[in-house]
Amino acid sequence: MKNNLTILFAAVTAWLATVVTPSVATAQTTEYGMAAQPNGVREPGMRPPLFDVTLESSYTATGKAKFRGADSSDSDAYNLSFALRTRAPLNEHWSIPLDLRSQNLYLGSLAGVPVPDNIHTLQFGTGLNYRLNDRWMFMALVSPTLYKLSDVGGNDIGISGGLMAMWNYSPSLKFTFGVMYSPDSAFFKVMPMAGLDWAINDQLDLRLMFPQPGLIYTPNDHWSFRVGADLNMATFRTSDSFGTSIGLPQYNDALGTYSDIRIGAGAGYRVSKNLSVEADAGYSVHRQINYTRIDERVKFDPAPYAGLGLRLSF
């Protein structure tokens, strides 16, 4: 039961990571999610940049793979992701969020174990945002995803979505809550979710919003430091011949979910108003591939990880 709750937490995190919340040090309620800005008491009326571009890479060191109760060889993982976010304002209250995200995973494949050499997905997010006032904003979101980028068929396209609200309780405290729907999820199809962002003072921010819940310390306008959790996740589909190539034909064209839950610390440096870089390191505590409809999993032992990110907004 405890393990299932951990995986459920990861599922919610993954959806928010790709649809709602960019990976940044601090958060501000905006028309398309959260946007970075200096820590401290933030004015609700501040507007986000029109375009938000992120490039992130990370490496999880080798960990022993476990499949069907037996230990296999070691396998590592390299992740490279790109995201572009913008919005199309309709009027003072309504806007359309637009989001494009490419996820690319390179794994150490193993003989006789369903670990693909690589995973490539492409996700597009859109919807409708309504800003009632400086305190309330409501969002309806839909996100079609390509589960693979070669030999694409009808079953290689999935759709997830959700309804959510953001409430600025005060200039220093905001809440997010709603419900998500993901029919191809390895866990629950429908899931409620909630989060908060509390600017404790001018330098400390407790951010329990995903995909990076944590505590952020910002000593000045350039540097920020954080401790907390992070998640890397992708729903994908294997090739038509993948299972045959490893002697397990049931894994041909199989739907799977890769997840990597991490705990660590990081630092960010704002080079200019529009450009910032981030680096983090820690430990991957729960990494696995879950093949939902086959009801089998490949699990990996905990291992160190390191990551580097670049963010451009204008």
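All letters in the sequence shown, in the order written, are residues 10 to 323 by the numbering used here. For each residue, glycine too, the CB sits at the ideal point set by N, CA and C. Note that the structure is a prediction, hence the values are computed from the model and not measured.
Proximity to residue i [Cα-Cα], best of the options
i: residue 115; options: 86, 296, 105, 321; result: 86
i: residue 98; options: 58, 284, 126; result: 58
i: residue 255; options: 269, 185, 93, 126; result: 126
i: residue 93; options: 69, 274, 135; result: 135
i: residue 128; options: 245, 185, 258; result: 245
i: residue 102; options: 83, 141, 109; result: 141
i: residue 213; options: 198, 204, 232, 195; result: 232
i: residue 276; options: 302, 240, 224; result: 224
i: residue 229; options: 173, 274, 278; result: 278
i: residue 155; options: 166, 162, 145; result: 166
i: residue 237; options: 250, 82, 300, 219; result: 219
i: residue 274; options: 282, 235, 250, 307; result: 235
i: residue 267; options: 193, 319, 249, 313; result: 193
i: residue 180; options: 171, 143, 161, 160; result: 143
i: residue 137; options: 62, 108, 300; result: 108
i: residue 282; options: 217, 308, 320; result: 320
i: residue 162; options: 249, 309, 265; result: 249
i: residue 184; options: 191, 78, 217, 100; result: 217
i: residue 171; options: 160, 178, 191; result: 191
i: residue 251; options: 160, 178, 177; result: 160
Assumed close pair residue i, residue j - CB separation to whole angstroms, cut-off 8 Å
i: residue 200; j: residue 189; result: 5 Å
i: residue 291; j: residue 67; result: Incorrect: roughly 10 Å between the Cβ atoms, too far for contact.
i: residue 60; j: residue 322; result: 7 Å
i: residue 69; j: residue 296; result: 7 Å
i: residue 263; j: residue 247; result: 5 Å
i: residue 123; j: residue 260; result: 5 Å
i: residue 239; j: residue 221; result: 5 Å
i: residue 300; j: residue 306; result: 7 Å
i: residue 117; j: residue 71; result: 7 Å
7 Å Cβ shell around residue i - same chain, five flanking residues per side excluded
i: residue 80; result: 73
i: residue 241; result: 67, 88, 269
i: residue 49; result: Interpretation of residue 49 is limited by its pLDDT of 39, a score under 50 that renders its predicted location unreliable; no figure is taken from the coordinates.
i: residue 215; result: 207, 209, 224
i: residue 121; result: 255, 256
i: residue 280; result: 286
i: residue 119; result: 74, 81, 82, 84
i: residue 54; result: With a pLDDT of only 47 at residue 54, under 50, the local geometry of the prediction cannot be trusted, and the value read off the model is given with reservation. Cβ neighbours of residue 54 beyond the five flanking positions: 143.
Cβ-based neighbour list, residue i, same chain, cut-off 8 Å, excluding 5 preceding and 5 following
i: residue 158; result: 129, 130, 131
i: residue 294; result: 270, 271, 272, 311
i: residue 139; result: 102, 103, 146, 147, 148
i: residue 303; result: 259, 260, 263
i: residue 8; result: In this structure the chain extends from 10 to 323, so residue 8 is not present and cannot be described.
Same chain, Cβ closer than 6 Å to residue i, five either side skipped, listed in chain order
i: residue 112; result: 90, 130, 243
i: residue 203; result: 186
i: residue 168; result: 153
i: residue 173; result: 148, 187
i: residue 308; result: 75, 297
i: residue 318; result: 65, 287
| task | Would you mind listing the alpha helix (DSSP H) stretches within the segment 124-190 that are 4+ residues and don't spill past its ends, in chain order? | result | Runs found: none.
| message | Does the structure place the segment 137-154 close enough to the segment 280-289 that three or more beta carbon pairs sit under 8 Å? | response | Two segments are said to touch when three or more pairs of C-beta atoms, one from each, lie closer than 8 Å; by this definition the segment 280-289 does not touch the segment 137-154.
| task | Could you name each continuous alpha helix (DSSP H) segment of 4 residues or more that falls completely within the segment 204-278, going from the start of the chain to the end? | result | Fully enclosed alpha helix (DSSP H) runs of no fewer than 4 residues occupy 251-254 of the segment 204-278, in order along the chain.
| query | Which parts of the segment 75-122 are runs of the beta strand (DSSP E), unbroken and 3 residues or longer, counting only runs that do not cross its ends? | reply | Correct list: 79-98, 103-116.
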